[in-house]
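> My questions all concern the structure below.
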Amino acid sequence: MTADAGRRPQGRPSAVASLPDHELVIAAQGGDRVALDALLRRHHPRLRALCLRLTGDPTDADDACQDALVSLVRGLARFDGRSTFATWAYRVTTNTCLDELRRRRRRPAPGLSEDGSAMGTPGEIFAPGAGDDAALMAPDTGETVANRLDVGDALGRLAPDFRVAVVLRDLCELSYVEIAEVLDVPVGTVRSRIARGRAALLPLLGGNPPRAGKRRRS
Amino acid sequence: MRIHPSFEDLSAHHDGEAPEWTAHVASCATCRAQLADLAALSATVAGPIPAATAGLDPVADALAAYGADASRSREAPTDGGRKGHAPWGLVHSGEAPVGNPDRSRWTGWMTGASAAAVVLLVAGVLALVVGGGDGDDTTTALTDQSGQEWVPRSDSAAPGVAGPTEGGRAGADINGAVFGGDLGEIPDTTTLVARAGPDLRAGRDRAAAGAQTTTAPRAPTGGVGGIAPPTPGVVGSRPCEMQARDQGGDLGPVVYYASATRQGVPAAVLGFAPVGGPITVQVRAQPDCRFLLAASLP
């Protein structure tokens with residue numbers, strides 16, 4: 009018996025389900041459908057949750073999640089193990105959701121930047137460009153503070169780049185380095201996007217608005 | 023005089039990414055209050071997630087889309103474990119990379135345009151050869167983007183039966199498969215199963231009854247340009263079916279087909295029923311046969 013064969017799941021779902029990801033990946037890459045099934049089922053709940061938080065709609069989330077699962081199945085042979093399977097799966101799923109958002113051209117409410125300046129006209133899609141990663145906020149922040157939003161609605165008011173960063177951190181519990189890997193951006197950008205996303209979310213969800221953004225003396 | 027962290031510093035500290043502020047936070051009530059808000063926010067974002075639609079099994083559907091149905095799991099092949107080995111033939115050269123939909127759409131459009139031109143050319147030639155028809159011809163040849171004909175069985179096709187793109191009558195029998203008509207817009211797998219399910223099961227039952235008296239048809243292979251020649255009694259000439267088979271495994275014979283749209287994209291719906299296995303149904307874009315959606319039925 010080879011080493012690989014010794015590690016390979018033997019077709020019993022209950023036994024396979026207890027194997028770590030990297031062993032399931034190896035088995036699945038070798039054609040073991042039980043292992044692939046177990047691998048996808050292990051990660052599906054979190055991937056669907058990611059889709060739901062990113063798309064904001066259960067039906068869209070289910071569709072995006074299925075597309076992502078298909079992409080994972082398609083691409084598994086090319087997965088080289090340099091990252092964890094979970095990180096790779098999040099990357100594929102995030103890209104699928106962003107594609108879905110772009111395709112359907114979701115149009116968030118017109119917003120204001122953190123300093124109160126207008127960011128666009130109604131119907132315009134706000135996407136931060138290079139050097140401009142200001143988060144979206146609701147147009148009438150005072151009212152939305154009083155009427156606390158559902159988390160999905162609040163996330164929907166963020167530009168996708170900020171939404172993704174916050175969700176990957178708070179929902180998927182990825183480190184900044186892992187998020188940087190998923191999004192293919194520098195760690196400093198991840199840190200900034202998470203902070204600015206949270207700064208926009210806090211008042212929308214009934215929290216206290218953040219203090220001034222820069223370090224201060226007292 | 024004290025220096026307070028910026029909000030970004032606090033946010034990073036909340037995530038365990040800025041330990042240098044630990045001492046300050048421990049002694050600063052204002053910063054601790056802000057951290058409490060951040061903790062509450064994180065808990066809200068990570069909070070309860072609504073359950074998926076009951077009855078859906080997206081994992082099985084994703085596997086079924088490529089013929090790797092988990093409910094019929096088999097042992098791994100003996101050469102398992104090799105990195106780079108493409109399992110189940112899932113990876114094919116025409117696959118677009120994830121995150122580059124524009125490119126895939128563009129290439130798909132180009133493919134579609136080419137295929138449409140072929141369809142028009144073949145249709146024109148057929149019209150000249152056959153001499154045209156008045157619409158009541160019960161043996162109207164259905165032509166797909168490859169130019170392959172899909173001919174209704176003369177012993178079962180009802181008057182007026184037409185192909186998916188021609189708005190044929192649902193329930194008709196073409197080449198042994200049940201024609202489900204136009205399913206309209208398919209927003210999700212639930213709708214797909216609801217609309218296609220009854221005819222799919224009828225097609226499966228019919229195929230099962232036929233298999234008792236004849237050898238179960240094998241998936242067609244070979245043919246010119248990768249398209250199998252039409253096989254009597256088997257819907258085997260459809261490029262979308264061939265593409266599904268190329269990407270999948272043992273899908274079984276086609277027992278059902280229909281037309282539909284998926285997010286406005288014209289699509290072919292194909293139902294496969296392997297002997298002893300669950301029915302799978304795939305929605306593929308027309309004319310490029312790009313995979314759009316799949317579902318499995320018990």
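Top to bottom, those sequences are chains A and B.
The first sequence begins at 9 in the working numbering and counts up one residue at a time.
The second sequence begins at 23 in the working numbering and counts up one residue at a time.
Yeah, the Cβ is synthetic: ideal placement off N, Cα and C, and Gly gets one too.
These numbers come from a predicted model, not from an experiment.
1. If isoleucine 34 (chain A) sits next to serine 33 (chain B), beta carbons under 8 Å apart, how far is it from one beta carbon to the other, in whole angstroms?
2. Mind reading off the beta-carbon distance from alanine 47 (chain A) to leucine 32 (chain A)? Whole number of angstroms is fine, and I expect it under 8 Å.
3. Taking a contact to mean a Cβ-Cβ separation below 9 Å, would you say arginine 49 (chain A) touches valine 81 (chain B) in this structure?
4. Hey, aspartate 310 (chain B) and threonine 211 (chain B) are a contact pair by Cβ (cut 8 Å); roughly how many whole angstroms apart?
5. Starting from glutamate 42 (chain B) and walking both ways along the alpha helix (DSSP H), at which residues does that stretch end?
6. Inspect the beta-carbon positions of leucine 27 (chain A) and threonine 63 (chain A) and report whether they are closer than 9 Å.
7. Determine, using beta carbons only, whether leucine 60 (chain B) comes closer than 9 Å to chain A.
8. Look up arginine 312 (chain B) in the DSSP assignment and say whether it is helix, strand or coil.
9. Does the distance from the C-beta atom of threonine 95 (chain A) to that of valine 193 (chain A) stay below 9 Å?
10. Closer than 8 Å, Cβ to Cβ, to anything on chain B: give me those residues from the segment 64–97 of chain A, in chain order.
11. Which residues in chain A sit within 7 Å of serine 33 (chain B), going by Cβ to Cβ distance?
12. Does any residue of chain B bring its CB to less than 9 Å from the CB of aspartate 178 (chain A)?
13. For alanine 138 (chain A), does the three-state DSSP call read helix, strand or coil?
14. Within this structure, are the beta carbons of arginine 217 (chain B) and valine 200 (chain B) separated by less than 9 Å?
15. What does the alpha-carbon distance come out to for the pair proline 118 (chain A) and alanine 40 (chain B)?
16. For the candidate residues A:Asp161, A:Arg206, A:Thr197, whose alpha-carbon lies nearest to that of alanine 61 (chain B)?
17. Just list the residues that DSSP pairs leucine 319 (chain B) with in beta bridges.
18. Quick check on valine 152 (chain B): buried or exposed, where buried means 16 or more other Cβ atoms within 10 Å of its Cβ?
19. For aspartate 70 (chain A), report the span of its alpha helix (DSSP H) as first-last.
20. Between which residues of its own chain and leucine 214 (chain B) is the CB-CB distance below 7 Å, once the five residues before and five after are set aside?
21. Does alanine 167 (chain A) have its Cβ less than 9 Å from a Cβ in chain B?
22. Tell me the rounded alpha-carbon separation between arginine 226 (chain B) and glutamine 308 (chain B).
23. Could you spell out where the beta strand (DSSP E) holding phenylalanine 201 (chain B) opens and where it closes?
24. Per DSSP, leucine 57 (chain B) is paired with what?
25. Among the residues of its own chain, which have a CB less than 7 Å from the CB of alanine 7 (chain A), if the five just before and after it don't count?
26. Whole angstroms is fine: what's the gap from leucine 77 (chain A)'s alpha carbon to threonine 197 (chain A)'s?
27. By the criterion of Cβ-Cβ separation under 7 Å, what are the contact partners of methionine 210 (chain B) in chain A?
28. Taking proline 288 (chain B) as the query, report the chain A residues whose CB atoms sit under 9 Å from its CB, ordered along the chain.
29. CA-CA distance, threonine 52 (chain B) and alanine 162 (chain A)?
30. As a quick exercise: from A:Arg219, A:Gln37, A:Gln74, pick the residue whose alpha carbon is nearest that of asparagine 85 (chain A).
31. Do leucine 106 (chain A) and valine 172 (chain A) have their C-beta atoms within less than 9 Å of each other?
32. Are the Cβ atoms of proline 289 (chain B) and alanine 282 (chain B) separated by less than 9 Å?
33. Leaving aside the five residues before and after leucine 44 (chain A) along the sequence, list all residues of the same chain whose C-beta is less than 6 Å from its C-beta, in chain order.
34. Go ahead and pull the three-state DSSP assignment for phenylalanine 240 (chain A).
35. Helix, strand or coil for leucine 78 (chain B), going by three-state DSSP, please let me know.
36. Output the boundary residues of the alpha helix (DSSP H) element that contains alanine 295 (chain B).
This is what the structure gives:
1. The residue you call residue 34 (chain A) lines up with position 26 of the first sequence. The residue you call residue 33 (chain B) lines up with position 11 of the second sequence. No, isoleucine 34 (chain A) and serine 33 (chain B) are not in contact; Cβ-Cβ is about 38 Å, not under 8 Å.
2. Within the first sequence, residue 47 (chain A) is the residue found at index 39, counting from 1. Within the first sequence, residue 32 (chain A) is the residue found at index 24, counting from 1. First, the residue type needs correcting, since residue 47 (chain A) is leucine and not alanine in the sequence shown. Contact holds; Cβ gap of about 4 Å.
3. The residue you call residue 49 (chain A) lines up with position 41 of the first sequence. The residue you call residue 81 (chain B) lines up with position 59 of the second sequence. It is a contact, given that the beta carbons lie within the stated cut-off.
4. As a first step, residue 310 (chain B) must be located in the second sequence, where it is residue number 288. As a first step, residue 211 (chain B) must be located in the second sequence, where it is residue number 189. So it is not a contact: roughly 21 Å between Cβ atoms.
5. Locating residue 42 (chain B) in the second sequence gives position 20, where the first residue counts as 1. Run containing glutamate 42 (chain B): none; DSSP gives neither H nor E here.
6. Taking the first sequence and counting its residues from 1, the one referred to as residue 27 (chain A) is at position 19. Taking the first sequence and counting its residues from 1, the one referred to as residue 63 (chain A) is at position 55. Cβ atoms of leucine 27 (chain A) and threonine 63 (chain A): not closer than 9 Å.
7. Counted from its first residue, the second sequence places residue 60 (chain B) at position 38. So yes, leucine 60 (chain B) belongs to the interface.
8. Mapped onto the second sequence, residue 312 (chain B) falls at position 290. Coil at arginine 312 (chain B), not helix or strand.
9. Locating residue 95 (chain A) in the first sequence gives position 87, counting from the first residue. Locating residue 193 (chain A) in the first sequence gives position 185, counting from the first residue. Cβ distance not < 9 Å, so threonine 95 (chain A) and valine 193 (chain A) don't count as in contact.
10. Pro66, Thr67, Asp70, Asp71, Cys73, Gln74, Leu77, Val78, Ser79, Leu80, Val81, Arg82, Gly83, Leu84, Ala85, Arg86, Asp88, Gly89
11. Locating residue 33 (chain B) in the second sequence gives position 11, where the first residue counts as 1. Going along chain A in sequence order, the residues near serine 33 (chain B) (Cβ under 7 Å) are Ile202, Ala203, Arg206.
12. Taking the first sequence and counting its residues from 1, one reaches residue 178 (chain A) at position 170. Yes, aspartate 178 (chain A) lies at the interface with chain B (some Cβ there is under 9 Å from its Cβ).
13. As a position in the first sequence, residue 138 (chain A) is number 130, starting the count at 1. Any reading at alanine 138 (chain A) must be qualified, since the residue scores a pLDDT of 31, below 50, and its modelled position is unreliable; no value is offered.
14. Against the second sequence, residue 217 (chain B) aligns to sequence position 195. Against the second sequence, residue 200 (chain B) aligns to sequence position 178. Going by C-beta atoms, arginine 217 (chain B) is not nearer than 9 Å to valine 200 (chain B).
15. Taking the first residue of the first sequence as 1, we reach residue 118 (chain A) at position 110. Taking the first residue of the second sequence as 1, we reach residue 40 (chain B) at position 18. Per-residue confidence for proline 118 (chain A) stands at a pLDDT of 41, beneath the threshold of 50, marking its modelled position as unreliable; no derived number is given.
16. Residue 61 (chain B) sits at position 39 when you count from the first residue of the second sequence. Closest option to alanine 61 (chain B), Cα to Cα, is A:Arg206.
17. Walking along the second sequence from the start, residue 319 (chain B) turns up at place 297. B:Ile301.
18. Position 130 of the second sequence holds residue 152 (chain B). Note that valine 152 (chain B) scores a pLDDT of 44, beneath 50, so its modelled location is shaky and nothing firm can be said.
19. Reading the first sequence from its first residue, position 62 is the one you call residue 70 (chain A). Unbroken alpha helix (DSSP H) run through aspartate 70 (chain A): 66–83.
20. In the second sequence, residue 214 (chain B) corresponds to position 192, counting from 1. Counting only Cβ-Cβ distances below 7 Å, and skipping sequence neighbours, we find Ile208, Val303, Val305, Leu315, Ala317.
21. Position 159 of the first sequence, counting from 1, holds the residue named residue 167 (chain A). Not an interface residue.
22. For this step, residue 226 (chain B) is matched to residue 204 along the second sequence. For this step, residue 308 (chain B) is matched to residue 286 along the second sequence. When rounded, the distance between both Cα atoms is 24 Å.
23. Position 179 of the second sequence, counted from the first residue, corresponds to residue 201 (chain B). Start and end: 199–207.
24. Sequence index remark: in the second sequence, residue 57 (chain B) carries index 35 (1-based). Answer by DSSP bridge pairing: none, since leucine 57 (chain B) is not bridged.
25. Coverage of chain A is limited to positions 9 through 226, which leaves residue 7 (chain A) absent and any answer about it impossible.
26. Residue 77 (chain A) sits at position 69 when you count from the first residue of the first sequence. Residue 197 (chain A) sits at position 189 when you count from the first residue of the first sequence. If I take the Cα positions, the gap works out to 28 Å.
27. Against the second sequence, residue 210 (chain B) aligns to sequence position 188. Residue 210 (chain B) is actually aspartate in this sequence, not methionine. Those are Thr67, Asp70, Asp71, listed as they occur along chain A.
28. For the purposes of this step, residue 288 (chain B) is taken as residue 266 along the second sequence, with counting starting at 1. Here the premise fails: no neighbours, minimum Cβ distance about 17 Å.
29. As a working note, residue 52 (chain B) is residue 30 in the second sequence. As a working note, residue 162 (chain A) is residue 154 in the first sequence. Whole-angstrom Cα-Cα distance: 25 Å.
30. Taking the first residue of the first sequence as position 1, residue 85 (chain A) is located at position 77. For clarity, residue 85 (chain A) is alanine in the given sequence; the question names asparagine instead. Among A:Arg219, A:Gln37, A:Gln74, the Cα nearest to that of alanine 85 (chain A) is on A:Gln37.
31. Position 98 of the first sequence, counted from the start, is the residue given in the question as residue 106 (chain A). Position 164 of the first sequence, counted from the start, is the residue given in the question as residue 172 (chain A). Cβ distance < 9 Å, so leucine 106 (chain A) and valine 172 (chain A) count as in contact.
32. Mapped onto the second sequence, residue 289 (chain B) falls at position 267. Mapped onto the second sequence, residue 282 (chain B) falls at position 260. Before going on, a small fix: residue 289 (chain B) reads as alanine here, not proline. Against a cut-off of 9 Å, the Cβ pair of alanine 282 (chain B) and alanine 289 (chain B) comes out as a contact.
33. Indexing the first sequence from 1 puts residue 44 (chain A) at position 36. These residues qualify, in order along the chain: Ala36.
34. Outside the shown range of chain A (9 to 226) lies residue 240 (chain A), about which nothing can therefore be said.
35. The residue labelled residue 78 (chain B) in the question sits at position 56 within the second sequence. It is coil, neither helix nor strand.
36. For this step, residue 295 (chain B) is matched to residue 273 along the second sequence. First-last for alanine 295 (chain B): undefined, no H or E at that position.
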